[in-house]
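What the sequence shown shows, in mature numbering (1 follows the signal peptide of the UniProt record, and there is no 0), is residues -18 to -1, 1 to 264, in sequence order.
Where is the CB? At the ideal position from N, CA and C, for every residue including glycine.
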Amino acid sequence: MRISIASTVIALAGAARAASVWTFSDASVSVGKASDKAVEKFTSTNRVKKTLTLGHQETLKVSLTTKEGSTAKRPHQAFLVVREASGLEAPFPLTIKESGKAAVQISQKDLPDQLLSSQLPLEASLILGSTGSAKGSITPVFDIEVRMDPGHPTPSSPAAPLRYGKLGEIHHIFRADPKNPPKIVSLVFALAVLATVPALLIGWTVLGGNLSHARKAMGKAPLSHALFFGSIVAMEGVFFLYYSAWNLFQTLPVMGLVAAVAFFSGTGALGEVQGRRLAGER
């Protein structure tokens, strides 16, 4: 029977140790100047009932003793977290001795602007935790109302933080294709080119050109003369298309084909002309 009782006691002690939780005792919060402080006490189960007011020149101080189960001890993590209704919070680490005595002080200058500009009271919670089997704890302990200095404006809410994410679709705007010069400019240069045709015919006549040989030339080498003259006209057409509609990659292959026809047909046409010149025909 004694062995059974001892075993039960040991098992209960082990279960109690395994179920130990970080908590605190002798907790109090004071607000105000050194000469005029309001002190409120609280426990892990009973928070401060009334909302504490923190003025612009006042200091809020929290004092307590941290415990692992029922033993006063120093945890690895101990924070007083001040939280806004939207979920934004600011942590303040407690200064803790090996005996578990802990304290933290907060003034308005320690609070971020987002909390200072809150229209609702701020909630303060104690967070205790450490390595080992003891469970950590989060305990709401009191509420704080921030009272700003009437002589200073309430800080405005800062702009929303920059967050990286998916952006809207980008529509690229490409540079427009180069346009032709004004029609009047094109017309002037076209007339200038056409004006050289009569000058060419006049010069050819002055230099002794003989149209009577045209029938004889076409009779001896009709294909060469026709292709050569046609290739010259076709080359002018290629230049016109390049100017009006085609791009360079469309123009170059056609230009190469026309140039090849002009070369081979021109060889035959010039050979026929040379034969007549050697025969003394002018």
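Inter-residue distance for R259 and P164 is about 47 angstroms (C-alpha atoms, whole angstroms). With contact defined as three or more Cβ pairs closer than 8 angstroms, the segment 3 to 20 and the segment 113 to 124 are in contact. Rounded to the nearest whole angstrom, the CA to CA distance from H195 to L189 is 15 angstroms. For E66 and S100, the gap between their C-alpha atoms comes out near 7 angstroms.
Nearest Cα to D95 within the set A172, E71 and L252: E71. Fewer than three pairs of CB atoms, one per stretch, sit closer than 8 angstroms, so the segment 199 to 206 makes no contact with the segment 220 to 235. In the structure shown, L76 adopts coil according to DSSP, grouped into three states. Contact check between the segment 44 to 59 and the segment 143 to 161: fewer than three CB pairs, one atom from each, fall below 8 angstroms, which does not count as touching. At a Cβ-Cβ threshold of 9 angstroms, V11 and K31 do not count as neighbours. Of the other Cβ atoms in all chains shown, 16 or more fall within 10 Å of the Cβ of V240; this residue is therefore buried.
Taking C-beta atoms under 8 angstroms as the contact rule, H207 and A251 qualify, at a distance of about 5 angstroms.
Under the three-state reduction of DSSP, Q39 is assigned to coil, being neither helix nor strand. T25 and S45 have their alpha carbons spaced roughly 12 angstroms apart. In this structure, R29 lies away from P103, with their beta-carbon atoms at least 9 angstroms apart. In the DSSP assignment, the residues bridged to P122 are S107. The Cβ neighbour count for T249, taken over all protein chains shown within 10 Å, is under 16; the residue is labelled exposed. A Cβ-Cβ separation of about 5 angstroms places V13 in contact with L34 under the 8 angstroms criterion. Taking a C-beta distance under 9 angstroms as the contact criterion, E50 and S112 qualify as a contact pair.
Annotation: the segment 177 to 248 contains no complete segment of the beta strand (DSSP E) (minimum length 3 residues).
For the pair G82 and T48, the CB atoms are nearer than the 9 angstroms cut-off. Judged by DSSP in its simplified three-state form, Q87 adopts strand. Under the DSSP assignment, Q59 falls in the beta strand (DSSP E) whose first and last residues are Q59 to R65.
In terms of Cβ geometry, L36 and R129 form a close pair [threshold 9 angstroms].
G238 has its alpha-carbon roughly 12 angstroms from the corresponding atom of L230.
Non-local C-beta neighbours of A216 in its own chain, meaning closer than 6 angstroms and more than five positions away in sequence, comprise V240, ordered along the chain. Residue range D95 to L98 is occupied by the alpha helix (DSSP H) that includes D95.
Distances from the CA of V86 to each of A158, Q256 and L76 were compared; the closest alpha carbon is that of L76. Going by DSSP, S12 is part of the beta strand (DSSP E) stretching over W4 to K15. Close CB contacts of K91 within its chain, under the 7 angstroms cut and outside five residues either way in sequence, are absent.
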